[in-house]
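Residue numbers (UniProt numbering): 1 to 802.
From the three backbone atoms N, C-alpha and C, an ideal C-beta is built for every residue, glycine too.
Encoded as C-alpha cells, the structure appears first; notes follow it.
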C-alpha cells in the first residue's frame, strides 16, 4: 500500500469527457480475455497489453493501473424445438435481424477479475479494497462505470446511418404532392396497369398508379413500369404493395433520391388512396428479403467462399482472421492483402517497435501506431492459435477486431466513418491517400502501387499531338461483354431459363452459365483509342475532333487491377456484371507501355490565351444532378453533347460512367494542365478562399480531403501547425513531379478480392492470398487452405512484378 501512496497524486478520476480505453490495448489486440488481461492507466485511462505496460511507464511515469481479466464459461444451450428458427431479415452481418456469425455456436457467460497494479515491479493490490485511498476507489469505479471509447465510437458511427435496415427520411415525405384524381386502391387483387404482373407491384403515392417494379438480375421481378412512370411523371415516392404492416412500416423507394427511404407520414399518404393500414397484413417479401433470396439462388456465394469443400483451418504467423464489425469485410479483405506486401511489412511490422515508442500526439503518429498494431496483430501469430483440444471442428478462431483502426481511418469521411458496406476499390484509394498524407517525411509503402498514365491526344485537323500524364494506383479495366467466348452456351441457358419461368420454375443454381471473357480482351479494350469531341486545339484555335490513346508510362512494383463489374443498365437499374474473367497466374502487360513523343510527331503549341469558359444549360444541369450524377460529370456530359438536351447527356453519362475521371473536376478538353498535379475543384476552392484562407492552403486542404469542402475545413483546423504549401498541388508554377518506380512488364498473381451480391453497397467480400506457394482464403475470422480459388470471379486483383 505504501508504493501506491507514493503515486496517489498522479491518479485522476475519469469523467464523461474522458475517453476510457478499457476494451483493448492501444498498441496491440490484447484485451481482458487475453491470458495476461488488460492494464488501464489510472492517469491517462489508456489500455495496455502486458508487453506494453512497462514501456509506457518508463516514458510517462504513469505507475498505477487497473488490471482487468475476463474468463468465459460455456453455458448449456436450450433444448431443440424451443421456438422457431430465427429468420434473417437484413442484408447485414452482426446486426439485429441480420446474419449472425455466432448462430449455432456455443453460448458463454463471463466472469470478471480486477486488481490494482503498481509499477515498477507489477505490485498487485486486491480490488475491491476498503483500505485503498479514496481517489483510487473513485477512479476505478468511474472507470468501470463509464462507457469505453470504442463503444462511444461505434455508437457515433451508427448514429443516423444505415445499419442493415434503418433508412433516411425522404426529402419528399413532409411536402409530398398527392393528386385528387378520384382513385381508390382496393385492399387486394392488385395488378400492374401496364402488364399482367400481380407481384412486385408499387403504388405511386402522388398519383395512385399501381405498376410493376424493376427486373432482377436473375430475370425475376417486374418489367420496370414503375421506374418508367417516374421518368415520365417525376412523381418521386412509391410503396411496395404487400409489404405494408399495421405499424406503418413498408418498403418505400424514392426515385429522385435513388434509395430506399423512410416515410414517417406513410399512413396519411396511404389514407389518401383509401388504404387503412390497420386492415393490412404483410403478404410479400421486402426488398431486403428478396435480395437475400436472390443471393441464395445463385451459386456465387458458395463458389467464392468455397462452401462445397471441407476447408482445413490454418493457424500461426500470417494466418490471423479479422472479426466482421458489421459490414467491415471490405476493410478486412484489403488489409489482409496489403500486409502481404514487403513494403508494408517492413514499414509497419518489422519497424513496429520504433513506432510504438512514439507518443500519440498527432494524427500521423496515431495512424502509424494503428497500422503497426494491425501489422503485428495479423503477422505475429499471437492471435492465431488452434482451438483447445475437444473444441468443435467448426469452431472459428476469434481473430482480431480492428475497431480502433477503423474508427481512426474513417474519421471525418462521409462513407468510411459509417457502418455501411463500401466498395473495396474505393477503400484502397482511401488507404493509399492516407499513407501518402502521413508519410511525407518517411518511406511510403503505398508507393509500390503508384504508376504514371500517359494520355496522347492528336488533333484531327493539324495532326499535332499533346501528351499528358497523371498518377494512378489502380488499373481499372472495363469488361467487354461482346468478347465472351461462350455466347452460344449463354444464349442457350437464357432460353432454358425463360422456358422455366413460363412454367413458374427457376433454374438450378449449379446450371448457371456465365459469359466467359479472356483477360486479354479487357486489355485490348483499354488500349483502344477514343474519339474526343469538342477538343480545343491550340493549333487551329478552335474545337476539333481528336483521338485519345491511353498507355502506362511506368510499371509499378505491384499492379492492382479492378474489373469494373458495377455499372448501370439502360433503364438506370444498377447491376453487377455476372461474368467469368480468365485471369492468368502470370501476365505480360508490355502492350500497355507508352512510348512518349516520337521524332516524327509535332506538339500542339502552348495556349497563349485561354479559350472562353463553356456555358451549360442550367436547367438540364440541375436535372442531371437530381438523378444522382456528380456535378462535374454533368458538365462534362453537356459539353461533350453540345448542350443538346437531357436525353443526349444521359446517354453520354451512361456510356462513360466507368471512366476513371468520371467525377473529376471538368476541364475543357485540350486545355488541361499537367495531370500529375492535383487539380482542386474550382467552386470548392473559391468557397474556402471566401472564408479568409489563402489559395495555397485551400488547395492543399482539398487535396488531402478528395475535394470535399466540409472535410477540407476540418483538415485546416486540425493542421494549424502544419501549414507549409504542398508542391504537388497544381499552381501557376508547379515545381516538382512525383517519382514513380518502373520495371519489366511481367507480373504474378499474389492475391484477389471477390465480391458477393448485386451491389457495391451490400453483400460480402473475401480475400484469397498466395502464401508460401499455396492459396489461402481469408473470410473474416475464418482462415483456411483454399481448395479451389475462384480466380475468375474476383473483383480486385493484385499482381507482383516478376
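According to DSSP, is residue 462 helix, strand or coil? Here the question's residue 462 lines up with position 462 in the chain shown. It is coil, neither helix nor strand.
Identify every residue that forms a DSSP beta bridge with residue 212. Along the chain shown, one-based indexing puts residue 212 at 212. Answer is 201, bridged to residue 212.
Residues near residue 496 by beta carbon distance below 7 Å, same chain, minus five either side: Walking along the chain shown from the start, residue 496 turns up at place 496. Counting only Cβ-Cβ distances below 7 Å, and skipping sequence neighbours, we find 507.
State yes or no: is the C-beta of residue 779 nearer than 7 Å to some heavy atom of the ligand COA? No copy of the ligand COA appears in this structure; indeed no ligand is present at all.
From the DSSP output, in three-state form, read off residue 533 for me. As a first step, residue 533 must be located in the chain shown, where it is residue number 533. The answer is strand: DSSP assigns residue 533 an E or B state.
Going by DSSP, name the residue or residues bridged to residue 4. Translated into the one-based positions of the chain shown, residue 4 becomes position 4. Answer by DSSP bridge pairing: none, since residue 4 is not bridged.
Going by C-alpha distance, which of 784, 766 and 565 is nearest residue 332? Stepping through the chain shown from its first residue, residue 332 is reached at position 332. With distances taken between Cα atoms, residue 332 lies closest to 766.
Thinking C-beta only, is residue 754 closer than 8 Å to residue 593? For this step, residue 593 is matched to residue 593 along the chain shown. For this step, residue 754 is matched to residue 754 along the chain shown. No, they are not a contact pair.
Taking its Cβ as the centre, do 16 or more other Cβ atoms sit within 10 Å of residue 110, making it buried, or is it exposed? Residue mapping note: residue 110 aligns to position 110 of the chain shown, counting from 1. So residue 110 counts as exposed.
Residue 698 - DSSP class collapsed to helix/strand/coil: Sequence index remark: in the chain shown, residue 698 carries index 698 (1-based). Three-state result, residue 698: helix.
contact_flag[the segment 398-413, the segment 340-347] where n(CB pairs < 8 Å) is 3 or more: no
Through-space distance from residue 429 to residue 556, alpha-carbon basis: Stepping through the chain shown from its first residue, residue 556 is reached at position 556. Stepping through the chain shown from its first residue, residue 429 is reached at position 429. The straight-line gap from Cα to Cα measures roughly 15 Å.
Measure the alpha-carbon distance for residue 323 versus residue 490 and round it to whole angstroms. Sequence index remark: in the chain shown, residue 323 carries index 323 (1-based). Sequence index remark: in the chain shown, residue 490 carries index 490 (1-based). Computed Cα separation, rounded: 38 Å.
Judging by CA-CA distance, which residue of 656, 25, 43 and 61 is the nearest neighbour of residue 69? Indexing the chain shown from 1 puts residue 69 at position 69. Taking only the C-alpha atoms, the option nearest residue 69 is 25.
Span of the alpha helix (DSSP H) around residue 801: For the purposes of this step, residue 801 is identified with residue 801 of the chain shown, where counting begins at 1. First-last for residue 801: 794-801, but that is the beta strand (DSSP E), not the alpha helix (DSSP H).
DSSP state of residue 467 mapped onto helix, strand, coil: If you number the chain shown from 1, residue 467 lands on position 467. Here residue 467 sits in strand by DSSP.
Nearest candidate by alpha-carbon position, reference residue 564, set 537, 426 and 467: Position 564 of the chain shown, counted from the start, is the residue given in the question as residue 564. Ranking the options by Cα distance to residue 564, first place goes to 426.
Determine, using beta-carbon pairs with one atom in the segment 780-794 and one in the segment 581-598, whether at least three such pairs fall under 8 Å. yes
Coarse secondary structure for residue 613, derived from DSSP in three states: Counted from its first residue, the chain shown places residue 613 at position 613. Correct three-state label for residue 613: coil.
Residue 660 in three-state terms, based on DSSP: Taking the chain shown and counting its residues from 1, the one referred to as residue 660 is at position 660. Looking at residue 660 - three-state DSSP - the assignment turns out to be coil, as it is neither helix nor strand.
Distance between beta carbons of residue 318 and residue 771, contact taken as under 8 Å: Looking up residue 771 in the chain shown gives position 771. Looking up residue 318 in the chain shown gives position 318. Right, the Cβ-Cβ distance comes to about 6 Å (below 8 Å), so this counts as a contact.
Would residue 116 pass as an interface residue toward chain C - the criterion being a Cβ-Cβ separation below 8 Å? No chain C appears in the structure shown, which is made up of a single protein chain.
Rounded Cβ spacing between residue 273 and residue 183 (contact assumed at less than 8 Å): Residue 273 sits at position 273 when you count from the first residue of the chain shown. Residue 183 sits at position 183 when you count from the first residue of the chain shown. The Cβ separation is near 6 Å, so the contact holds.
Given a cut-off of 8 Å on the beta-carbon distance, is the pair residue 688 and residue 667 in contact? Position 688 of the chain shown, counting from 1, holds the residue named residue 688. Position 667 of the chain shown, counting from 1, holds the residue named residue 667. Against a cut-off of 8 Å, the Cβ pair of residue 667 and residue 688 comes out as no contact.
Go to residue 260, then tell me how far its beta strand (DSSP E) extends in each direction, as first and last residue. As a working mapping, residue 260 is identified with position 260 in the chain shown. Unbroken beta strand (DSSP E) run through residue 260: 259-261.
Nearest to residue 586 (by Cα), restricted to the options 208, 211, 519 and 577: Here residue 586 refers to the residue found at position 586 when the chain shown is read from its first residue. For the residues 208, 211, 519 and 577, the minimum Cα distance to residue 586 belongs to 519.
Extract the residue ranges of the beta strand (DSSP E) inside the segment 748-775, only unbroken runs of 3 or more that lie entirely within it. 764-771
Name the one or two DSSP bridge partners that residue 542 has. Position 542 of the chain shown, counted from the start, is the residue given in the question as residue 542. Looking at the DSSP assignment, residue 542 forms a beta bridge with 537.
Per DSSP, what kind of secondary structure is residue 422 in: helix, strand or coil? Numbered from its first residue, the chain shown carries residue 422 at position 422. Note: residue 422 maps to coil in three-state DSSP.
Counting along the chain, where does the beta strand (DSSP E) carrying residue 239 start and finish? Within the chain shown, numbered from 1, the residue matching residue 239 stands at position 239. Residue 239 -> beta strand (DSSP E) spans 237-240.
Considering only the beta carbon of each residue, do residue 471 and residue 452 sit closer than 8 Å? Position 471 of the chain shown, counted from the start, is the residue given in the question as residue 471. Position 452 of the chain shown, counted from the start, is the residue given in the question as residue 452. The answer is yes: Cβ separation under 8 Å.
Residues in its own chain within less than 6 Å of residue 116 by CB, not counting five upstream and five downstream? In the chain shown, counting from the first residue as 1, residue 116 sits at position 116. So the qualifying residues of the chain are 125 and 127.
Out of curiosity, what's the CA-to-CA distance linking residue 351 and residue 372? Translated into the one-based positions of the chain shown, residue 351 becomes position 351. Translated into the one-based positions of the chain shown, residue 372 becomes position 372. Distance between the alpha carbons of residue 351 and residue 372 is about 8 Å.
Tell me the DSSP secondary structure of residue 297 in three-state form. In the chain shown, counting from the first residue as 1, residue 297 sits at position 297. Residue placement at residue 297 is poorly supported in this model, since its pLDDT is 45, which falls under 50; the coordinates are not used for a value here.
Determine contact between the segment 434-444 and the segment 476-495, defined as no fewer than three beta-carbon pairs at a distance below 8 Å. no
Run through the DSSP bridge pairs and tell me what residue 562 is partnered with. Residue mapping note: residue 562 aligns to position 562 of the chain shown, counting from 1. Paired residue(s): 476 and 796.
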